[in-house]
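Novice:
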Amino acid sequence: MDRRAFLSLAGAALIGAPRREPSAAAPPRRIGDDICLSPSAPPIFVASTGPGGLSYHGTHILAYGALMDIAPAFMASRGKRLAVAGGGCDDGIAGVMRRVSDFGGMCCPVEGSRADGLPHLVVARDMKAVIAHGANPVAGLSFAQLKAIARGTLLDWRDLGGAARPIAQVVRRHCAEYAEPVRTTLLPGGAAWSANALFVDTDEQIIDLVSRFPAGLGIVSWVFARPLVAAGKLRLLALDGLRPDRDPARYPLTGALSIVFGAWDPVRMTPFFDFLYGPQGRSIVARGLIPVSAGEAGYRGAATFGRG
41 MDRRAFLSLA GAALIGAPRR EPSAAAPPRR IGDDICLSPS APPIFVASTG
91 PGGLSYHGTH ILAYGALMDI APAFMASRGK RLAVAGGGCD DGIAGVMRRV
141 SDFGGMCCPV EGSRADGLPH LVVARDMKAV IAHGANPVAG LSFAQLKAIA
191 RGTLLDWRDL GGAARPIAQV VRRHCAEYAE PVRTTLLPGG AAWSANALFV
241 DTDEQIIDLV SRFPAGLGIV SWVFARPLVA AGKLRLLALD GLRPDRDPAR
291 YPLTGALSIV FGAWDPVRMT PFFDFLYGPQ GRSIVARGLI PVSAGEAGYR
341 GAATFGRG
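Here it is as structure tokens:
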């Protein structure tokens, strides 16, 4: 669907590119373009970390959802600096392959990506929030209904208990070459998104459009949706009766967040992963993501990858 058709469907009076209206409820950090970039992306420069420090570049979800808060706590606890720069999956891969960052962050599975074969650890799970306009009275939907919306076989809010008006679904073009979790879960077998959907390039555009147009519906990381849900600009829809803010352990639409590295350096890296998988690190991760234990990740300290 083109933008004009979407705006007509949503009942909006404005035609044109999405624009963030000034609001005190806007997220404190700009989300940016968390997209998968090509291997020919420009060189990445991560701030110097000093002796023994580490650097991260990759998915914004992990950067904003945990690592920007873990970095100062890690410094206070271990006296080591972690420099964090957000980006996309391929930014993270390129960074470690070019040896300009120690860690690369991915929100798509490592297997089948350009990082396949690199050492990696799952460090958290992202919850994919289903969002609607803040004034939408619908409280939730089933997983089967969400899949039907994605395919384009469920088209009206009336079928979800809302007003009789078409659902204006906003979908992000994201990591088409990889097994992106939302797409592969809702559209198994390579099925296409609904022809009625509006396709955008960033999570920020999903949030912007859905928060401004009453018929909007989107799926976005809970990390990014949470501030606007708290402000009443977005409504968080329960999925099979479960919500990211209340039922993280049972929430059904999630995706693994992984850190990849070009080579395992146990002397420099184990202090960070010991902290990340420890009580303080896991408590920070749990603010917006689902923490993963060392056992779940297969982390065994210095000997994780057969060295140490």
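First residue of the sequence shown? That's 41 in the working numbering, and the numbers climb one at a time after it. All C-beta atoms, glycine included, are put in the ideal place defined by N, C-alpha and C.
Do residue 312 and residue 107 come within 7 Å of each other at the CB atom, strictly closer than that value?
Specialist: no
Novice: Taking the C-alpha atoms as reference points, what is the distance between residue 288 and residue 277?
Specialist: Their backbone Cα atoms lie some 14 Å apart in a straight line.
Novice: Spell out the partners DSSP gives residue 239 in its beta bridges.
Specialist: 211
Novice: If I'm right that residue 210 touches residue 250 with Cβ under 8 Å, what's the distance once you round it to whole angstroms?
Specialist: 6 Å
Novice: Restricting to Cα atoms, I'd like to know which of 328, 280, 339, 300 is closest to residue 187.
Specialist: 280
Novice: Would you kindly check if the distance between the Cβ of residue 169 and the Cβ of residue 326 is under 7 Å?
Specialist: no
Novice: Applying the 10 Å Cβ sphere with the 16-neighbour rule, what's the burial state of residue 343?
Specialist: exposed
Novice: Could you pull the DSSP bridge partners for residue 143 from this structure?
Specialist: 96
Novice: Expressed to the nearest angstrom, what Euclidean distance is found between the alpha-carbon atoms of residue 341 and residue 310?
Specialist: 6 Å
Novice: Output yes or no for whether 7 Å exceeds the beta carbon distance between residue 114 and residue 301.
Specialist: no
Novice: Using the Cα positions of residue 73 and residue 214, report the straight-line distance between them to the nearest angstrom.
Specialist: Here the model assigns residue 73 a pLDDT of 46, short of 50, so the residue's position is not dependable and the matter cannot be decided.
Novice: By Cβ distance, which residues of its chain are closer than 6 Å to residue 124, with the 5 residues on each side in sequence left out?
Specialist: 96, 103, 107, 108, 111
Novice: Assuming residue 146 and residue 134 form a contact by the criterion Cβ under 8 Å, report the distance between their Cβ atoms to the nearest whole angstrom.
Specialist: Not quite, the Cβ-Cβ distance comes to about 12 Å (not below 8 Å), so this is no contact.
Novice: Just to confirm, is the Cβ distance from residue 274 to residue 171 under 7 Å?
Specialist: yes
Novice: So, is residue 131 buried or exposed, given that buried needs 16 or more other C-beta atoms within 10 angstroms?
Specialist: buried
Novice: Out of curiosity, what's the CA-to-CA distance linking residue 138 and residue 149?
Specialist: 20 Å
Novice: Would a C-beta distance cut-off of 7 Å place residue 165 and residue 299 closer than the cut-off?
Specialist: no
Novice: So what does DSSP say about residue 306, is it helix, strand or coil?
Specialist: Note: residue 306 maps to helix in three-state DSSP.
Novice: Could you have a look at residue 230 and say whether DSSP puts it in helix, strand or coil?
Specialist: helix
Novice: What separation, rounded to the nearest whole angstrom, lies between the Cα atoms of residue 141 and residue 120?
Specialist: 15 Å
Novice: Could you give the DSSP three-state label for residue 323: helix, strand or coil?
Specialist: It is helical.
Novice: Beta-carbon within less than 7 Å of residue 92's beta-carbon, same chain only, minus the 5 sequence neighbours each way: which residues are those?
Specialist: 120, 308
Novice: Helix, strand or coil for residue 261 per DSSP?
Specialist: strand
Novice: Should residue 186 be flagged as near chain C, meaning a C-beta pair shorter than 7 Å?
Specialist: No chain C is part of this structure, which consists of one protein chain only.
Novice: DSSP three-state call for residue 254: helix, strand or coil?
Specialist: DSSP places residue 254 in the coil class of the three-state scheme, outside both helix and strand.
Novice: Could you give the residue range of the beta strand (DSSP E) that holds residue 127?
Specialist: 122 to 127
Novice: Please say whether residue 262 and residue 284 have beta carbons closer to each other than 7 Å?
Specialist: yes
Novice: Could you tell me the distance, in whole angstroms, from the CA atom of residue 79 to the CA atom of residue 226?
Specialist: Confidence in residue 79 is poor, its pLDDT being 39 and thus under 50, which makes the residue's placement too unreliable to answer from.
Novice: So for residue 298, helix, strand or coil by DSSP?
Specialist: strand
Novice: In three-state terms, what does DSSP make of residue 275?
Specialist: strand
Novice: Relative to the C-alpha of residue 216, which residue among 204, 189, 233, 205 is closest?
Specialist: 233
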